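Some notes on the structure that comes next.
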Amino acid sequence: MGNVAATLAQVCEAVRTAVWHKHAKTSFLDKVVNIAIGSFLSLKWLGEKGISEEERLKRLPSMRKSMAFLTHTAYEGASKKTWVKEERELPRAYGKGGPVRVMIHKPIGSIRTDLPMIVWGHGGGLNIGDFKDSMGAEVLAMVTKDGGPEFCWASVDYRLVPEVRLPEPNDDMVSAFLSLSNKDLAEEFGYSVQNMGLGGMSAGALVSGHAASVLGKMGKGPKFFAGLYPMVDPNMDTASHQLYGDMDACPGVWLRECWRWALEDEQGEVSEKALKEGSLLHADFKALAGSRALILLGDFDLLKDEGAKFGEVLVNAGLKVEVMSGCGTHCMAHLCDAKVKKKMCQWFRETLSS
């Protein structure tokens, strides 16, 4: 009976914030998605205040299972008409740990050997989700529509927190990029090692952004970078956090626990040094000057303001940056705002064709 009551409370809270929100003027689709996430995935449940760490960790496997249920079938549907996909374990090329698992996608029927390659990081706050990323597949499938360019992409199954801490997930992205830069592997799948970029959504944009910085300083930086609704700064102190932190698509109470798990030391403390090193606002992108970059934001996303600041960091580093924001919540603007969807697809098409 208690579980039923708790579920009903979650549904009621999701409906309240999605339908009658004070600040977020969302579309019908956005409301439906927020209600669905709040009712079924319920990220706020994982970030609930006052529960023990033991209880939080007990809830995590259930959350991961729910995430997989929501995304894996959608991923198969989004990818099957456009790409042939193959799972590979790539040798460790950077950082500590074993091989890095990726899903490599090649356009169906393509005979080209010079395709662009996007190395992609999935979302999920660093603690849920995997390389069968439906939202990434859906975005990239949009780019191919109506005569869009052919390209390959590799979804990286980076390690999750709290089993590891940052920078391990970032290191997995760096390692995958370096391994995918192997000319024999590129020849096998038909892409060019001279035309490789990094991209990701939410937490995937965070790990891809840090990877881009590391690769740039190694002299092996990506040709382009795409950060969609990026998770940027663990301080979570912007106005957009205050305005939209209760939206179920990415609730602040959950995100704060995501950052804590990612940054805390063995004593359970998060140092100022860790806060700085975890933030993309303090990463060095000067080696990527002249590269193209996209930052996509949602008008009603708690991450909007820090994402805009990240765009400024990239501009100051000399990148050719396009920042765009659409009428939507976290990871929803490109689905709910036709204008921003068109602009996003155009950026990818121009970048991948150049």
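In the numbering used here, the protein residues as written are 3 to 356. C-beta: ideal position from N, C-alpha, C; glycine also. These figures come from a predicted structure and were not determined experimentally.
Notebook entry, point to check: Ordered along the chain, which non-local residues of its own chain (more than five positions away) have a Cβ less than 6 Å from that of aspartate 366?
Noted result: Since the first residue of the chain shown is 3 and the last is 356, residue 366 is not available in this structure.
Next item on the list: Quick one: give me the first and last residue of the beta strand (DSSP E) that arginine 114 is part of.
Entry: First-last for arginine 114: undefined, no H or E at that position.
Note to self: Spatial neighbours of valine 6 within its chain, please: C-beta separation below 6 Å, excluding the five flanking residues on both sides.
What the structure shows: At valine 6, the pLDDT of 47 sits below 50, so the modelled position is not reliable; the number obtained from the coordinates is stated separately. Nothing listed; no residue qualifies.
Check: Going by the CB atoms, is the gap between leucine 282 and valine 323 shorter than 9 Å?
Finding: no
Check: Going straight from the alpha carbon of proline 232 to that of alanine 213, what length do you get?
Finding: 14 Å
Notebook entry, point to check: By Cβ distance, which residues of its chain are closer than 8 Å to serine 204, with the 5 residues on each side in sequence left out?
Noted result: Gly125, Gly126, Gly127, Leu230, Tyr231, Pro232, Met233, Cys252, Leu305, His332, Cys333
Notebook entry, point to check: Exposed or buried, which one is phenylalanine 227 when buried takes at least 16 other CB atoms within 10 Å?
Noted result: buried
Checklist line | Stretch pair the stretch 127 to 137 + the stretch 255 to 273: three plus CB contacts closer than 8 Å | finding: yes
Item checked: Contact with chain B by leucine 282, beta-carbon distance below 9 Å -> In the structure shown, chain B does not exist; there is a single protein chain.
Next item on the list: Output yes or no for whether 9 Å exceeds the beta carbon distance between lysine 83 and alanine 156.
Entry: no
Notebook entry, point to check: Measuring CA to CA, which of Leu337, Pro93, Lys46 is closest to alanine 16?
Noted result: Lys46
Note to self: Among Lys278, Lys108, Ala80, Thr28, whose alpha-carbon lies nearest the alpha-carbon of glycine 138?
What the structure shows: Ala80
Notebook entry, point to check: Are the beta-carbon atoms belonging to alanine 264 and proline 236 less than 9 Å from one another?
Noted result: yes
Notebook entry, point to check: Which one of Tyr160, Ala70, Glu268 has the shortest CA to CA distance from methionine 105?
Noted result: Tyr160
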